[in-house]
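Take a look at the structure set out below.
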Amino acid sequence: MSAGDVTYAVEDGVAVLTLDRPDSHNALTVHMVQRFAEASAAAQADDSVRAVVVTGAGEKAFCAGGDLAELIPRLTAGEVEILTPDPAKRFLSDVFKPVIAAVNGICVAGGLELMLGTDLRIAADTAVFGLPEVRWGLIPGGGSHVRLPQQVPWAFAMQLLLTGDHVPAERAHAAWLVNEVVPRAEVLDRALAVAQGIVRNGPLAVRTAKEIAVRALQNEPRFALEAALNQRVLTSHDATEGPRAFVEKRDPQFRGA
217 MSAGDVTYAV EDGVAVLTLD RPDSHNALTV HMVQRFAEAS AAAQADDSVR AVVVTGAGEK
277 AFCAGGDLAE LIPRLTAGEV EILTPDPAKR FLSDVFKPVI AAVNGICVAG GLELMLGTDL
337 RIAADTAVFG LPEVRWGLIP GGGSHVRLPQ QVPWAFAMQL LLTGDHVPAE RAHAAWLVNE
397 VVPRAEVLDR ALAVAQGIVR NGPLAVRTAK EIAVRALQNE PRFALEAALN QRVLTSHDAT
457 EGPRAFVEKR DPQFRGA
């Protein structure tokens, strides 16, 4: 099974980060999480980069979340730092340049959590969104409990967090989870056009506007709370049973502990 990659390219002031594991719906491996952190840090540090676009390789998925077969055994064994080296940070926490998500397909679990760290979202009309972790005895520990209720109405946030249901692109648009819905073939071009529009604005003003908005939320202690409470889930029987059932394609037998 491929470890995948995150490719990084800069053109005309726009950095494009591509989650590149299309044979597995761009599901995140530990290597990909580390590469994404490196690429997003590079975009933040590069003065020639004025905006960032994040997308997924292939035609089916933006990102289907974490690779359960690799990540969950390590997380339940206590290796939480492989995803959140700093419990007060999440995807794109330290990137103060505008980030646009080009959501070209499936966007669930860790993929949706990554998207929640972006500022603007262009979605394919075929995209679906969801946080299915609770169906497998887990919770989404990548910032969703903090970011999602800040970004969409409470009832919609709770629908995603508590039911594990997937919703189509138009429903996500109606709830303002995404900004625009376009045909799949146009997603990346539209995201790049939005990025180029931002590039034409004053760079210091744009960076400062985003930094004020992000820092004013003061999410660091909220992320730390999520990380702390996630430990009682990750150390439970259910957190081992759910992913095992997922891999074995059967219904999980939960104990509630």
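The numbering used here numbers the first residue of the sequence shown as 217 and each following residue consecutively.
We treat Cβ as the ideally placed atom computed from N, Cα and C, and that holds for glycine.
Check                                                                                                                           : Outcome
Cβ pair N320, F278 closer than 8 Å                                                                                              : yes
Complete alpha helix (DSSP H) runs within the segment 416-446 (minimum length 4 residues, chain order)                          : 419-433
Beta-carbon proximity check, V199 vs A455, cutoff 8 Å                                                                           : A query on residue 199 cannot be resolved here, the shown segment of the chain reaching from 217 to 473 and no further.
Segment limits, alpha helix (DSSP H) that includes R387                                                                         : 385-390
Contact under 8 Å by Cβ, T223 with T234                                                                                         : yes
Simplified DSSP state of T234, which is helix, strand or coil                                                                   : strand
Where D228 falls, given that 16 or more other Cβ within 10 Å makes a residue buried                                             : exposed
Anticipated Cβ contact below 8 Å, V362 with N446, distance rounded                                                              : Not confirmed; about 12 Å, so no contact.
Contacts around W392, its chain only, beta-carbon distance under 7 Å, and the 5 residues preceding and following it disregarded : V368
Endpoints, alpha helix (DSSP H) assigned at I322                                                                                : No alpha helix (DSSP H) contains I322, which is instead part of the beta strand (DSSP E) from 322-324.
For L244, the three-state DSSP class (helix, strand or coil)                                                                    : strand
Start-to-end residues for the beta strand (DSSP E) that takes in E396                                                           : 396-398
Three-way DSSP call (helix, strand, coil) for G458 in this model                                                                : helix
Cβ-Cβ separation, R237 to S256 (assumed contact under 8 Å), whole Å                                                             : So it is not a contact: roughly 17 Å between Cβ atoms.
Euclidean distance between Cα positions of P356 and P419                                                                        : 34 Å
Reduced DSSP category for H339 - H, G, I as helix; E, B as strand; rest coil                                                    : The sequence given here places Ala at residue 339; His does not occur at that position. Note: A339 maps to strand in three-state DSSP.
Under the three-state DSSP convention, the category D239 falls into                                                             : helix
From E295, L308, K313, residue whose alpha carbon lies closest to that of R423                                                  : K313
CA nearest to the CA of G294, picked from A443, R471, D405                                                                      : A443
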